[in-house]
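Engineer: Counting in this note's numbering, the sequence shown runs from 8 upward without gaps.
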Amino acid sequence: MFIWPDAHGCPEELQGLKSQAIGAVVSQVEATAAAQAHLLNRAGLVGWLGAVGFENFAAREDWAGAVECRARSQEYCEMLLSGHILPSQNWLILHGDYGTGKSRLAASIIRAALESDWKKCYFRVWPQYLERLKASWHREKWENGGETQETEADIIRELQEGNLVVIDDLDKKPATDWTKSSLYTVLNHRYNAELPTILTFNHSPATTDPKAKDRLVLEEYIGRAVLDRVIGATYDIIKFDGPSYRSGVTLATK
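#1: Identify whether Ile116 lies in helix, strand or coil by the three-state DSSP scheme.
#2: Got a sec? Which residues, its chain only, sit under 6 Å from Thr107 by beta carbon, not counting five neighbours each side?
#3: Counting pairs of beta carbons, one from the region 226-245 and one from the region 82-97, are three or more of them closer than 8 Å?
#4: What's the call for Lys261, buried or exposed, on a 16-neighbour Cβ count within 10 Å?
#5: Straight-line CA distance for His196 to Ala182?
#6: Under three-state DSSP, which class holds Phe208?
#7: Does the distance from the C-beta atom of Trp144 to that of Glu159 stay below 8 Å?
#8: If you run the structure through DSSP and keep just helix, strand and coil, what is Val237?
#9: Give the C-beta separation of Leu206 and Ile100 to the nearest angstrom, bearing in mind that I take them to be a contact with Cβ-Cβ under 8 Å.
#10: Quickly, what does DSSP pair Tyr242 with across the bridge? List them, please.
#11: What did DSSP end up calling Tyr198 once you bin it into helix, strand or coil?
#12: Could you check how far apart the C-beta atoms of Val74 and Arg131 are, in whole angstroms? I think they sit under 8 Å.
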């Protein structure tokens with residue numbers, strides 16, 4: 008019986024083997040890109056947030072403070088990832104005008120953590136997160152075809168136990184007793200567990216409420232108990248007071 012050789016070295020065979028090798032490399036690159044996209048999406052870095060980084064937060068001729076905001080945010084990131092921040096004071100507050108890059112730099116920190124192999128890092132916009140919570144009300148946990156329907160407890164636990172989380176736009180909408188209670192549930196757990204947390208606001212933590220001189224503006228949005236914990240756990244408070252990256256206009260908050 009004649010046995011056909013596995014390889015015979017003809018040009019056609021060599022070309023076929025070369026094509027197979029290229030195909031394997033392409034498949035691996037595509038699989039890696041898909042896994043990275045899934046990781047960023049799960050973290051909440053979708054759309055333009057998936058492409059952020061400290062390197063593309065540019066200096067500005069119309070706002071010299073942009074460089075300082077970037078440097079201090081990057082310092083926090085490097086200190087956190089290297090383990091040189093005290094666990095009892097490992098939070099970061101970014102506050103200031105609309106469109107000045109608070110979300111961009113917060114997302115850059117999340118991305119750097121993911122690239123350093125940190126697990127369970129999340130970027131969550133507070134108004135959207137509240138809508139997600141509402142959608143889960145009265146929902147029971149079930150599994151069907153590998154998909155799990157998340158409950159309110161699942162959603163809360165995500166932000167309670169994430170190794171690093173950003174909660175963006177905390178003072179975007181007027182607060183209710185329910186939103187304050189939800190935020191307390193999340194941040195009190197993180198405070199007690201000494202988990203690093205990044206919060207963004209339009210208002211300064213030190214701004215007094217014009218309607219009540221003995222009260223800070225942020226108390227109206229997050230409550231006094233939460234604000235006290237936030238300030239007590241904070242490593243740095245960075246003010247953003249330049250013109251908007253979107254419109255080029257300074258849209259100062261009161």
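Yeah, the Cβ is synthetic: ideal placement off N, Cα and C, and Gly gets one too.
It should be emphasised that the depicted structure is a prediction, and the values quoted were computed from it without experimental measurement.
Structural biologist: Per the coordinate set shown:
#1: As a working mapping, residue 116 is identified with position 109 in the sequence shown. Shown here, Ile116 sits in a helix according to DSSP, grouped into three states.
#2: By 1-based counting over the sequence shown, the position of residue 107 is 100. Same-chain partners within the cutoff: Phe247 and Gly249.
#3: yes
#4: To locate residue 261, count along the sequence shown from 1; it is residue 254. Annotation note: pLDDT 46 at Lys261 (below 50); position unreliable, coordinate value reported separately. Answer is exposed; the Cβ neighbour count stays below 16.
#5: As a first step, residue 196 must be located in the sequence shown, where it is residue number 189. As a first step, residue 182 must be located in the sequence shown, where it is residue number 175. C-alpha separation (whole angstroms): 20 Å.
#6: Walking along the sequence shown from the start, residue 208 turns up at place 201. Reduced to three states, the DSSP call for Phe208 is strand.
#7: Numbered from 1 along the sequence shown, position 137 holds the residue referred to as residue 144. Numbered from 1 along the sequence shown, position 152 holds the residue referred to as residue 159. Yes, these two residues count as a Cβ contact at 8 Å.
#8: Position 230 of the sequence shown, counted from the first residue, corresponds to residue 237. Residue state, collapsed to three classes: helix.
#9: Here residue 206 is taken as the residue at index 199 of the sequence shown, counted from 1. Here residue 100 is taken as the residue at index 93 of the sequence shown, counted from 1. About 5 Å separates the two Cβ atoms, so the contact holds.
#10: Residue 242 sits at position 235 when you count from the first residue of the sequence shown. Beta-bridge pairing links Tyr242 to no other residue.
#11: The residue labelled residue 198 in the question sits at position 191 within the sequence shown. The answer is helix: DSSP assigns Tyr198 an H, G or I state.
#12: Looking up residue 74 in the sequence shown gives position 67. Looking up residue 131 in the sequence shown gives position 124. With a Cβ gap of about 28 Å, Val74 and Arg131 do not count as contacting.
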